Structures are given as C-alpha cells and as structure tokens.
Amino acid sequence: MTKFKFRHIAAAVATAALTLSSAAFAAEKPTVVLVHGAFAESSSWNGVAANLLQQGYPVVAVANPLRSLTADADYVASLVKQTSGPVVLVGHSYGGAVISNAVQDNTNVSALVYVAAFAPEQGETVLELSGRYPGSTLGPTLAAPVLLKDGSKDLYIQQDKFAAQFAADVPAAEAVLMAATQRPVTELALTEAAGQPAWHTVPSWAIYGTADKNIPAVAMKFMAQRAKAKKIVEVPGASHVVMTSHPDKVAALIVEAATATSK
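Sequence positions in the sequence shown follow mature numbering (1 follows the signal peptide of the UniProt record, and there is no 0) and run -26 to -1, 1 to 237.
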C-alpha cells in the first residue's frame, strides 16, 4: 500500500470518527420543551427555537391548552413522558406554573428554566402571586370575559392595549400580530392552587425583564430566589415577552442549564 493511499484511508477514518463523535454528542443533547403562557402562543418562541436548533438541540414548542393548571400540567407531563432522553422544561409566564407541576413522575426532566414566569409554591395561585407585589398593570387592560357554555370564562388582553402592556420592546408590526393571535386563558387557570412544585428537587434557572408590566420584576426575583435558581438574569428594559425581544439571551440561559445538568 502506498503512503498516499494509507494517508487517504487514515484521513477518511479520522473524518468518519469525528462525524460519529459529533453525531453522538448531538444525540446526547436534551430535548428542550418550550411552554408558552397566557395571551401568547407557540410562535412566541420562534427566535429561541431557531437559536437552539442551530446548536443541535431538539426542540418542541408546546401548544399549551390554557384551560386549567392541572389539565395543562398533565398535558405537558404526557408529552414529556413520551420524549426519549433528558428534557429541559422551559416555561413563560403562566407556563412557569405549568412546568412546575408537569414533572410529576417523569425522571427525565433535568432542568427547569423560568422565562418571565411564575414559580408558585404549593397552594399558591398565579393571580395571587401577580398581585403580591405592586407593579402589575394587567387588570385594566383585559377585555370583557368571554363566557363559555360550561360556565368558565376566557380572558384576553384588549388588542389596542396589548403592545404597551405585553410587548413594549417588540417591533410594532409584530406586536400587532401577537395581539391578534393571542391565546385566551381561562379564569380557572389563574385561580387554581398549584401542587407540589418540581423546583424543590429539579435545578432551575430564571430570566426576566425589568420593565415587565404583567409580573413585577420584584415578584419574579422573589420566586427565583425562593426556588434557589442556579442563575438569575435580569434583562434591563425588557418587556413580559423577553423570549421574543431577546431570544439570544433566553437561548443562552437554556443552553447553560442544559450543559450544567448533562454532566
């Protein structure tokens, strides 16, 4: 065999080994499950999802039903149970309460990431937590409830108030679309008491904006510290949809959580 052929074969073997190693590394990355909150929908995660996908992370942006905390948590838990490998659960706003209650008996959840989110203790409600500290201006921006046949009520934000209340740092045209495509949440979901939260046993991370008008920054800091978050990131001037206006910062924290818990 000539030296040229030997070198050619050796290079091919090395390339194949590197490719297999890279594929194995990618396969070991956890699936990131993104759970939106009230008045939002799955596309609010588009920037974050695109960033994570480029880095080789499997991503699922869940269509959170927004019907009740128990039902929504059960729905996410079912999805997690049928996801192979480790999972990083990420929740925005009310979605934080959902991920806190969605781990249940799933042992594959390695980390929780709270994005401008609620992290309730057992017995607490999203509504109570939102008003525990001054600063939320959500109440006056809500439209008249939509009464449903079962007696429950769907809540929306008035479209002409949506941008200023919910997405002040998002381009105007995008905020208009977000207002039009917002998903309603039931009153029950916001007033239902939380169960035993997963953050007692699963490591957590948190990120939020200092200009959030839905959940006061001081409330989110309190909840993150109470959950003993490994890292708390405050984004100066960011609105309630920090994952839309600052997707790279949110994605970076998710990657940090995924990396820290994959060892």
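The beta-carbon is built from N, C-alpha and C at its ideal position, and this holds for glycine as well. These figures come from a predicted structure and were not determined experimentally.
Requested in this report: Measure the C-alpha to C-alpha separation of residue 43 and residue 97 and round it to an integer number of angstroms.
Outcome: 12 Å
Discussion item. Based on DSSP bridge pairs, tell me the residues matched to residue 73.
Written reply: Residue 73 is not bridged to any residue.
For residue 26, count neighbouring Cβ atoms within 10 angstroms of its own Cβ and tell me buried if that reaches 16, exposed if not.
buried
Margin query: By the three-class DSSP mapping on this structure, what secondary structure does residue 118 have?
Written below: coil
- Would residue 173 pass as a contact of residue 191 if the rule is Cβ separation under 8 Å? no
Alpha carbon to alpha carbon, what distance is there between residue 99 and residue 167? 5 Å
For a test of the three-state rule: what should DSSP assign to residue -10, helix, strand or coil? Because the pLDDT at residue -10 is just 37, under 50, the model does not fix this residue reliably, and the point stays unresolved.
Buried or exposed, going by whether 16 or more other CB atoms sit within 10 Å of the CB of residue 262? This structure cannot settle anything about residue 262, because the visible part of the chain is limited to -26 through 237.
Residue 53 at chain D interface by Cβ criterion, 8 Å: In the displayed structure, chain D is absent; only one protein chain is listed.
Quiz prompt | Which of helix, strand or coil DSSP assigns to residue 52 | solution = helix
Three-state secondary structure (DSSP) of residue 88: strand
Checklist entry - Which runs of the alpha helix (DSSP H), 4 residues or longer, sit entirely within the segment 149 to 191? => result 161 to 165
### Task
Could you tell me which of 20, 23, 5, 41 sits nearest to residue 159, measuring between CA atoms?
41
Nearest-angstrom Cα separation, counted from residue 183 out to residue 110: 13 Å
Would you say the segment 223 to 232 touches the segment 195 to 209, given that touching needs at least three Cβ pairs under 8 Å?
yes
| said: For residue 193 and residue 137, what's the separation of their Cα atoms in angstroms? | reply: 22 Å
- Query: Start and end of the beta strand (DSSP E) containing residue 123?
  - Reply: Careful: residue 123 lies outside any beta strand (DSSP E) and carries neither H nor E.
By how many angstroms is the C-alpha of residue 214 removed from the C-alpha of residue 146? 15 Å
### Reduced DSSP category for residue 63 - H, G, I as helix; E, B as strand; rest coil
strand
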